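Heads up, the thing below is written out as structure tokens.
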Amino acid sequence: MRRFLIAACILLLKLPALAQDQSLYIVPESALGIKASNLFSEIRLIPLETTGGSYFNNMADFLVTPDRLIFTDNESNSILVFNKEGKFLYKYKKKKYKLGGLQYSYAKNAVFFTSSNKNYTIPLPKAQQMTEHPGNRDFSKYRNIELLYLGANENYRIEKLPVPYYALSSLYYMNGRYLTQNNRYNKYTKDTVAYHLNIMDGNKKTAAYFPFLNVPKLPPDFDDIRINIDRTQNDSTLYIKKDYDNTIYKLVNDSLTPAYRFVFPAANTMPATFFTTAFKNNIDFTNYKSKYGKAARSFFNILDLPSVLFFGMNDNSWGYKRYVFNKKTSSLYDLSKTTSDSSTYFLPAGIFSKISNYDNEYVYTFVSPGDLLKEKAAILAKYNNTPPPVLKQLLESTGKFSNPIIIQLKVNPAAK
């Protein structure tokens with residue numbers, strides 16, 4: 001019976017891959033460096049207005065909407081809203097509940113966010129038990145779910161949404177529905193086959209993806225199997241990536257299909273038997289993972305543009321890199337090897353590894369005032385102390401306690 005379940009689950013796991021995808025053959029260790037001018041054709045600097053109310057220095061999240069730049073600050077537990085000229089517009093400070101990540105809803109022109117009650121620390125097994133047997137619990141004691149409206153007539157109105165019984169899971173908002181995740185083995189459910197990703201409409205499950213055997217000793221019993229979700233320029237399309245699956249999937253409404261499949265050398269690939277191996281204990285599991293330390297684990301920050309694909313990648317030892325893949329030349333570039341030049345005002349090269357947002361025209365990154373000031377003398381030397389006016393103004397106005405500087409970069413359509 002166990003062999004049958006394993007075979008069935010492997011078949012189910014492979015079902016999405018039967019659709020056509022685009023295979024990308026890459027060797028991470030051989031990723032090239034690139035000059036900024038060969039990748040970007042335009043730069044725009046946006047210093048964020050710094051006032052007593054708008055200052056922040058512990059950025060937790062950064063969100064780009066069609067006309068706003070929005071941040072969460074860990075230190076003040078606040079959401080800060082600026083326009084794309086850098087003007088400070090609004091601050092929402094959350095009390096008692098710790099803010100989570102931000103998500104933009106195009107349909108509602110609103111920011112979706114959740115928050116967790118600081119007075120409750122709920123271990124995973126307890127959260128699983130509460131979710132499987134919710135009874136008449138009021139889950140708003142533990143989580144808040146809210147929308148911050150950005151429309152001109154909304155005046156930054158906050159709408160508190162009902163908190164469903166599955167709110168202790170990671171939630172992704174789908175305009176009234178939610179994507180929820182099952183990252184671990186759950187002893188409180190009777191289902192032998194569970195799913196890592198579900199769509200919930202109210203209390204009804206309407207779709208499920210990425211089946212796995214919900215039995216002890218398999219990988220989900222020892223470690224989270226995470227699902228990364230990246231937005232696009234519309235609400236109905238998302239990029240989905242499961243740990244240890246080298247395929248990036250596209251979810252359009254309820255339809256999940258492969259978009260890109262990474263083909264790595266064997267050293268960067270987890271064996272296919274990983275998910276059906278029964279481990280003796282956590283030490284056995286950890287040793288197995290360590291043996292394949294260079295195997296790709298997760299992909300994130302998927303920015304799919306017409307000519308290039310930006311993505312981040314972690315390996316099994318949590319080595320962290322960001323790359324850009326040129327679709328025309330099939331070349332892979334390591335963004336940490338990007339050389340800053342006059343096209344990017346010789347700004348610190350670290351800005352390229354922070355590219356994580358985009359809109360219809362630009363990709364977005366940022367530089368902290370501290371990093372900019374460290375490089376100020378070197379930047380001025382590149383220009384013989386006569387930098388372009390926009391850069392001169394930035395360098396003169398930036399101080400130690402300024403807000404971050406947001407950077408818009410336009411990808412060169414003829415990127416080499």
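Per our numbering: the sequence shown = residues 1 to 416.
Glycine included, each C-beta is placed from N, C-alpha and C at the ideal position.
Everything numeric in this text was worked out from a predicted model, so none of it was measured.
inquiry  = Could you check whether the Cβ of Asp61 sits closer than 8 Å to any Cβ belonging to chain D?
reply    = As a matter of chain content, chain D is missing from the structure shown, which is built from one protein chain.
ask   = Exposed or buried, what is Phe112 when buried is set at 16 or more other beta-carbons lying within 10 Å of its beta-carbon?
value = Locating residue 112 in the sequence shown gives position 112, counting from the first residue. That one is buried.
task = Under the assumption that Leu102 contacts Tyr142 (Cβ atoms under 8 Å), give the Cβ distance between them as a whole number of angstroms.
result = Indexing the sequence shown from 1 puts residue 102 at position 102. Indexing the sequence shown from 1 puts residue 142 at position 142. Contact doesn't hold; Cβ gap of about 20 Å is too wide.
ask   = From Met1 to Asp201, what distance separates their C-alpha atoms?
value = Looking up residue 1 in the sequence shown gives position 1. Looking up residue 201 in the sequence shown gives position 201. At Met1 the pLDDT is 41, less than 50, meaning the model places this residue with poor confidence; the figure from the coordinates comes in the next sentence. Spanning the two alpha carbons is a distance of roughly 33 Å.
message = So, at 7 Å on beta carbons, what are the nonlocal neighbours of Val390 in its own chain, with the 5 sequence-adjacent residues on each side left out?
response = By one-based count along the sequence shown, residue 390 stands at place 390. Around Val390: Leu45.
ask   = Pairing CB atoms from the region 27 to 42 with CB atoms from the region 50 to 64, are three or more of them under 8 Å?
value = no
inquiry  = Using the three-state DSSP reduction, which class does Ile405 fall into: helix, strand or coil?
reply    = Residue numbering aside, residue 405 sits at position 405 when the sequence shown is read from its first letter. Three-state DSSP puts Ile405 in a strand.
key: Residue from Pro47, Gly176 and Tyr25 with nearest C-alpha to Gln393   = As a working note, residue 393 is residue 393 in the sequence shown. Nearest C-alpha to Gln393: Pro47.
ask   = For the beta strand (DSSP E) that Leu309 lies in, which residues bound it at each end?
value = Taking the sequence shown and counting its residues from 1, one reaches residue 309 at position 309. Taken as a continuous stretch (DSSP letters only), the beta strand (DSSP E) holding Leu309 covers Val308 to Asp315.
task = Whole angstroms is fine: what's the gap from Ala17's alpha carbon to Asn203's?
result = Reading the sequence shown from its first residue, position 17 is the one you call residue 17. Reading the sequence shown from its first residue, position 203 is the one you call residue 203. With a pLDDT of 45 at Ala17, under the threshold of 50, the modelled position of this residue cannot be trusted, and the question is left open.
CA-to-CA distance, Ala267 to Ile225, given in whole angstroms = If you number the sequence shown from 1, residue 225 lands on position 225. If you number the sequence shown from 1, residue 267 lands on position 267. Cα to Cα, the separation comes out at about 20 Å.
task = Determine the direct distance from the alpha carbon of Lys241 to that of Gly293, and round the result to whole angstroms.
result = Along the sequence shown, read from residue 1 onward, the residue named residue 293 stands at position 293. Along the sequence shown, read from residue 1 onward, the residue named residue 241 stands at position 241. Their backbone Cα atoms lie some 19 Å apart in a straight line.
Contact check, Leu372 vs Ser353, beta carbons under 8 Å = One-based indexing of the sequence shown puts residue 372 at position 372. One-based indexing of the sequence shown puts residue 353 at position 353. No, they are not a contact pair.
request  = Provide the residue(s) that pair with Pro211 in DSSP beta bridges, ordered along the chain.
outcome  = Translated into the one-based positions of the sequence shown, residue 211 becomes position 211. Tyr195.
task = Can you have a look at Phe401 and say buried or exposed, based on whether 16 or more other CB atoms are within 10 angstroms of its CB?
result = For the purposes of this step, residue 401 is identified with residue 401 of the sequence shown, where counting begins at 1. Phe401 should be labelled exposed.
Coarse secondary structure for Thr114, derived from DSSP in three states = Walking along the sequence shown from the start, residue 114 turns up at place 114. The answer is strand: DSSP assigns Thr114 an E or B state.
For Asn281, three-class secondary structure by DSSP = Against the sequence shown, residue 281 aligns to sequence position 281. If DSSP states are grouped into helix, strand and coil, Asn281 belongs with coil.
request  = Starting from Leu380, trace the alpha helix (DSSP H) both ways and give me its first and last residue.
outcome  = Here residue 380 refers to the residue found at position 380 when the sequence shown is read from its first residue. Note, Leu380: alpha helix (DSSP H), Lys376 to Lys382.
query = What is the DSSP secondary structure of Ala415, reduced to helix, strand or coil?
reply = Taking the sequence shown and counting its residues from 1, the one referred to as residue 415 is at position 415. DSSP places Ala415 in coil when its eight states are reduced to three.
query = In whole angstroms, what separates the C-alpha of Thr65 from that of Trp318?
reply = Sequence index remark: in the sequence shown, residue 65 carries index 65 (1-based). Sequence index remark: in the sequence shown, residue 318 carries index 318 (1-based). Whole-angstrom Cα-Cα distance: 30 Å.
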